[in-house]
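Chemist:
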Amino acid sequence: MSKFASIQLDQIWQKTLTLINENAHFDDAVFNAWFKEDSSLYDIDGELATIIVPFKINKQIMMESIDLIQEKLSQVLDQPVSCQILLRNEVDLLQPSSAVRRRNEIMFEDKIKKEYTFDSFVVGKNNREAYAAAMSACHYPGKFNNPLFIFGNSGLGKTHLLHAIGNFVKENKPDEKVLYIYSEDFVTLLIESMKNKTVEEVKEMICSVDYLLIDDIQRLKQSTSQEIFFNLYNKLVSDNKQIVITSDIHPTELKGIENRLISRFSSGLSVSVGSPEFETAKAILQKKMEGRKEEIMIEDEVLDYLATRFSSDVRKLEGSLNELFFKAILYNPEKIDLAFTQEIFKENPVIAVDDELTPKKIKKAVCEYYGLTRTQIESKSRTKNIANARHIAVYLCRKHLEMPFVKIGFEFGNRDHSTIMASYEKMVKLLKEKETFQQALLQIENKLGIK
Ligand SMILES: Nc1ncnc2c1ncn2[C@@H]1O[C@H](COP(=O)(O)OP(=O)(O)OP(=O)(O)O)[C@@H](O)[C@H]1O
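In terms of my numbering, the sequence shown has 16 at position 16, counting the first letter as 1, and numbering is strictly consecutive.
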């Protein structure tokens, strides 16, 4: 890369041209037309100087005097250089233009979000392992878990953890270099660098980092970029540099990614993040409220409602809080209470009213309401929001289909009738005590078209 700024290159070239003209005694018109006008010294990279000219004819005439040009340029620089004379379009192909360089530089700029730290990350059962592994990558880079592969559904904190690693390194190890890059940007960077012949430069920049954090690796689909990535990956790992990767699925399920890469991704530590349980979801809401400036009071019950309703995706959970505050500014209620909240999030029925009601439809409506999968409510999980959803589904089966407990048990993972009876009774109790559940029941019944 040139060590000269463009203004210096210009001065060097003007001096060189003066010396050439003095020495060669060209006719002024010839000299101006073929040498001076529109020629420029583009770059000096080590011992190679690049001069660019507009037309082929300029190039041919200058090539005739190449020895003289080299001699005079070496004299100005006080060091021997050899010259190449190129047309503008040839430069674009052969050499990194400043635009390409700038683009590369942008890719390497610090993209770590300050607010995504370990402190602002709420730890719960759903992400404890991923959190611990991320911490260990910070303290023992390249030692135990390389790569660290964090996977899980969208909106569950994977990117947050990557940035948290970045922030930790920046704060605690300021001499170490950390690069966060979104994998699609990574592909663009590699493809562009191939087009512009800057692959070596880009590789060098990547290999100089101590931590490489790649987000959403499932998007690394380009085969040529995978080849370069593979080599970079091996180099970084062999140099004990820490690699942390996120993806929406486990490495072995990645599609369109070469097997040799998948096998390397699987060779480190793969940890998952799941949906937060009720308490964690509520703690996340409380954390997200810490930095807010709105003074309006929000009732605790509202947080319970949001934590139960949106916990399958923390991004949605956070979005629900934003929406609530936004609507509160708009409608100016005295406080944000359950009634106001439910009005904001009320939903249209999704199941036709005259359809026959079945356990399957009940489970579907409950799952949609709580943002869970059928497997989750049929599972043995005792996680609070899953268990609550299961209780409500059991209650609805009993109330509207008058199913015997044994039969309901079959619908919920072959559970014993006494477990189902306990589940039903639990919901009867919760309905008496908590308005949140009364409202949830009402909305699910609405969804099912039950008046
Ligand atoms: N445990 C948590 N504590 C605090 N905030 C969280 C937590 N989990 C997720 N979030 C927040 O939820 C939002 C979405 O998280 P993030 O972008 O990290 O999700 P992701 O798993 O990377 O999703 P995607 O796969 O779509 O990229 C962010 O604002 C993040 O701060």
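Every residue, glycine too, gets a C-beta built ideally from N, C-alpha and C.
Just so it is clear, the structure is predicted and the values come from calculations on it, not from any experiment.
Taking ASN167 as the reference, which of SER379, LYS346, LYS113 and LEU372 has the closest Cα?
Modeler: If we check each option's Cα against that of ASN167, LYS113 comes out closest.
Chemist: From ILE52 to ASN21, what does the alpha carbon distance come to, in whole angstroms?
Modeler: Roughly 18 Å separates the two Cα atoms.
Chemist: Taking the alpha-carbon positions, what's the LYS235 to ILE181 distance?
Modeler: Their backbone Cα atoms lie some 18 Å apart in a straight line.
Chemist: So what's TYR424 in DSSP terms, helix, strand or just coil?
Modeler: Looking at TYR424 - three-state DSSP - the assignment turns out to be helix.
Chemist: With ILE386 as the anchor, note down where its alpha helix (DSSP H) starts and where it stops.
Modeler: ILE386 -> alpha helix (DSSP H) spans 384-401.
Chemist: When you measure from the CB of HIS250 to every non-hydrogen atom of ligand 1, does any distance come out below 6 Å?
Modeler: No, the beta carbon of HIS250 sits no closer than 6 Å to any heavy atom of ligand 1.
Chemist: Let me make sure I understand the geometry here. Which of VAL314, THR341 and LEU87 has the alpha-carbon closest to that of GLN443?
Modeler: When each option's Cα is compared against that of GLN443, the closest is THR341.
Chemist: Exposed or buried, which one is PHE186 when buried takes at least 16 other CB atoms within 10 Å?
Modeler: Per the 10 Å Cβ criterion, buried.
Chemist: To test your reading of the DSSP string, which unbroken alpha helix (DSSP H) runs of 4 or more residues are found completely within the segment 30-118?
Modeler: Runs of the alpha helix (DSSP H) inside the segment 30-118: 56-64, 66-77, 88-94 and 98-108.
Chemist: I need the straight-line Cα distance from LEU161 to TYR131, nearest angstrom please.
Modeler: So the alpha carbons of these two residues sit roughly 7 Å apart.
Chemist: Within the segment 320-365, note down every full alpha helix (DSSP H) run reaching 4 residues or more, in order along the chain.
Modeler: Entirely contained in the segment 320-365, the alpha helix (DSSP H) runs reaching 4 residues are, in chain order, 338-344.
Chemist: Applying the criterion that 16 or more other CB atoms from any shown protein chain within 10 Å of the CB defines a buried residue, is LEU148 buried or exposed?
Modeler: Under this definition LEU148 is a buried residue.
Chemist: Rounded to whole angstroms, what's the CA-CA distance from PRO359 to CYS397? Just pull it up for me.
Modeler: Straight-line Cα distance between these residues: approximately 6 Å.
Chemist: If we call anything under 7 Å between Cβ atoms a contact, is PHE412 one with GLU378?
Modeler: Yes, these two residues count as a Cβ contact at 7 Å.
Chemist: My understanding is that ILE213 touches VAL244, with C-beta atoms under 8 Å, so please give their C-beta distance in whole angstroms.
Modeler: This sequence places Leu at residue 213; Ile is not what is there. Going by Cβ atoms, the distance from LEU213 to VAL244 rounds to 5 Å, so yes, they are a contact pair.
Chemist: Tell me the DSSP secondary structure of ASN262 in three-state form.
Modeler: Checking the displayed sequence, the identity of residue 262 turns out to be Ile instead of Asn. Three-state DSSP puts ILE262 in a helix.
Chemist: Using a Cβ-Cβ cutoff of less than 7 Å, which residues in the same chain neighbour THR383 once the five nearest sequence positions on both sides are dropped?
Modeler: Within the same chain, THR383 has close Cβ partners GLU277.
Chemist: ASP175: buried (16+ other C-beta within 10 angstroms of its C-beta) or exposed?
Modeler: So ASP175 counts as exposed.
Chemist: Decide if PHE437 is buried, meaning its Cβ has at least 16 other Cβ atoms within 10 Å, or exposed.
Modeler: Per the 10 Å Cβ criterion, buried.
Chemist: Collect the residues with a C-beta less than 5 Å away from any heavy atom of ligand 1 and give them in sequence order along the chain.
Modeler: Those residues are PHE121, VAL122, SER154, GLY155, LEU156, GLY157, LYS158, THR159, HIS160, ILE284, VAL314 and ARG315, given in chain order.
Chemist: Considering only the beta carbon of each residue, do ASN127 and GLY268 sit closer than 7 Å?
Modeler: No, the Cβ-Cβ distance between ASN127 and GLY268 is not below 7 Å.
Chemist: What is the rounded straight-line gap between the Cα of GLU279 and the Cα of GLN286?
Modeler: For GLU279 and GLN286, the distance between alpha carbons rounds to 11 Å.
Chemist: According to the Cβ coordinates, are VAL273 and LYS158 closer than 7 Å?
Modeler: The answer is yes: Cβ separation under 7 Å.
Chemist: Given this structure, state the Cα-to-Cα distance separating LYS293 from LYS346, to the nearest angstrom.
Modeler: Rounded to the nearest angstrom, the two C-alpha atoms are 26 Å apart.
Chemist: Should VAL353 go down as buried or exposed, given a rule of 16 or more other Cβ atoms within 10 Å for buried?
Modeler: Residue placement at VAL353 is poorly supported in this model, since its pLDDT is 40, which falls under 50; the coordinates still yield a value, given next. Flag for VAL353 reads exposed.
Chemist: From GLU253 to ALA133, what distance separates their C-alpha atoms?
Modeler: The alpha-carbon atoms of GLU253 and ALA133 are separated by roughly 21 Å.
Chemist: Per DSSP, what are the beta-bridge partners of LEU269 in this structure?
Modeler: DSSP output for LEU269 lists LEU148 as bridge partner(s).
Chemist: Can you name the start and end residues of the alpha helix (DSSP H) that SER183 belongs to?
Modeler: Where SER183 is concerned, the enclosing alpha helix (DSSP H) stretches over 183-195.
Chemist: Do SER208 and VAL199 have their CB atoms nearer than 7 Å?
Modeler: Result no, Cβ atoms of SER208 and VAL199 do not sit closer than 7 Å.
Chemist: Where does THR373 fall in DSSP's three states?
Modeler: The answer is coil: DSSP assigns THR373 none of H, G, I, E or B.
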